[in-house]
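So the sequence shown is numbered by my numbering: it starts at 8 and just counts up by one.
Each residue gets a CB set at the ideal place from its N, CA and C atoms; glycine is no exception.
These notes concern the structure reproduced below.
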Amino acid sequence: MARRFGGIEAGGTKFVCAVGTGPDDIGANMVRFDTTTPEETVGEAIDFFQSYPDLAAIGIGSFGPVDLKRGRITTTPKTAWQDFDFVAAIRRGCGGPDMPVAFDTDVNAAALAEGRWGAAQGLDTFIYLTVGTGIGGGGMVNGGPMHGLVHPEMGHLRIPRRPDDQYLGRCPYHRDCLEGLAAGPAIRERWGRPAEDLPPSHPAWGLEAHYLGLGIANLILSISPQRVVLGGGVMEQEWLYAQVRAKVREVLNDYVAHEAIRDPEQIDGYIVPPGMADPGVVGAIALAEEAAGRAGR
Ligand code: ADP
Ligand code: ZN
């Protein structure tokens, strides 16, 4: 039988686990469950993988911030997960000391999947940004994952508040960073209704496009991505893409000298939705495949 890999998308609210080799063959081998305590949640993941004794490696794309070298989550407000030895727990429960286990951020994993099979194929420098319960960004630079001192934290960029916006922001570390102002829970708290219940005509959306446009313009200026893949629950509002693109063009004001951004039609192919349904868990499988290759499995 061909090699198969296990993938875990470890989110702050839910876990997704899957087995397969890529986006086309994981459908029947996928489970989702709520994130509770590390012991219980990782236990559920281990139970799932126990039905697949043939796995060549396991990949984890995790909520963060994470310590990539030690395979742990670090300064999360979810205190039970702080410093939990995630990679070691998975290895112990799934195959033991010889099992290759790869670990990266959820957004770097998603970017890997988008680069290999999705909306960023053929590119070597691009960003994957998700706007959901939080805002997170990862990607690739020159064909490699965006690591560094720790890893990028694009959701916590500081952006100027729009003068008419009275909402203080809800990031526990910075209050009015991008995530604090523009993630789903901020929309809900500011306007008293969840984002999915706000009609397209609601002023919430002009403000949302304003903040996302500023954040993405800053990322374009600092990283010079060849494309920006923009996903997450809030971007289920498909018409929001046009507003975000328009704001990015307005902020950059033709300064970045490339038609991909300057041409109001080409920008539709520059800031794009994800190319698959579950890039996080698919990317975790891709991480596993890389780890298996490194281990010669
Ligand atoms: P997570 O970030 O936890 O992985 P999601 O990406 O689904 O999960 O994001 C959840 C957030 O997205 C919630 O704040 C929710 O209000 C918002 N959201 C979910 N669906 C929609 C929608 N169709 N339109 C606008 N906002 C949505
Ligand atoms: Zn913040």
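Could you check whether the Cβ of Tyr180 sits closer than 7 Å to any heavy atom belonging to the ligand ZN?
Because some heavy atom of the ligand ZN lies under 7 Å away, the Cβ of Tyr180 counts as near it: yes.
Evaluate contact between the stretch 181-190 and the stretch 160-168, counting only Cβ atoms and requiring at least three cross-stretch pairs below 8 Å.
With the cut-off at 8 Å, the stretch 181-190 and the stretch 160-168 touch.
For Lys254, count neighbouring Cβ atoms within 10 angstroms of its own Cβ and tell me buried if that reaches 16, exposed if not.
It is buried - the Cβ of Lys254 has at least 16 other Cβ atoms within 10 Å.
Name, in chain order, the residues that DSSP records as bridge partners for Tyr135.
Looking at the DSSP assignment, Tyr135 forms a beta bridge with Gly145 and Val236.
At what residue ranges does the stretch 270-303 contain a whole run of the alpha helix (DSSP H), taking only runs of 4 or more?
Taking only runs of at least 4 residues, the alpha helix (DSSP H) segments lying wholly in the stretch 270-303 are 286-301.
Just verifying my parser: in three-state terms, what is the DSSP assignment at Phe110?
Reduced to three states, the DSSP call for Phe110 is strand.
Quick one: what's Cys101 bridged to in DSSP?
Bridge partners of Cys101: none, in fact.
Would you mind reading off the limits of the beta strand (DSSP E) that contains Phe70?
Unbroken run through Phe70: none, as it is neither H nor E.
Determine the direct distance from the alpha carbon of Gly103 to that of Tyr174, and round the result to whole angstroms.
Rounded to whole angstroms, Tyr174 to Gly103 spans 49 Å at the Cα level.
Could you give the C-beta distance for His154 and Leu221, rounded to a whole number, given that I count them as a contact under 8 Å?
His154 to Leu221, Cβ: 25 Å. No contact.
Taking Cβ to Cβ, would you say Phe12 is nearer than 8 Å to Ala295?
Yes, they are a contact pair.
Only counting the same chain, and skipping five residues up and downstream in sequence, which positions put a Cβ closer than 6 Å to that of Phe40?
Excluding sequence neighbours, Phe40 sits near Phe22 and Glu51.
Quick check: what's the CA-CA separation for Glu46 versus Ala9?
Cα to Cα, Glu46 sits roughly 31 Å from Ala9.
Taking 7 Å as the cut-off, is the C-beta of Thr42 nearer than that to any heavy atom in the ligand ADP?
No.
DSSP three-state call for Met37: helix, strand or coil?
Residue state, collapsed to three classes: strand.
Taking just the CA atoms, how far does Thr112 sit from His158?
Approximately 8 Å, taken between the alpha carbons.
Can we count Thr137 as close to the ligand ADP, meaning its CB is less than 7 Å from some heavy atom?
Yes; taking the cut-off as 7 Å, the Cβ of Thr137 has a heavy atom of the ligand ADP nearer than that.
Would you mind working out which of Ile97, Gly100, Ile53 and Pro179 sits nearest Thr83, comparing C-alpha positions?
When each option's Cα is compared against that of Thr83, the closest is Pro179.
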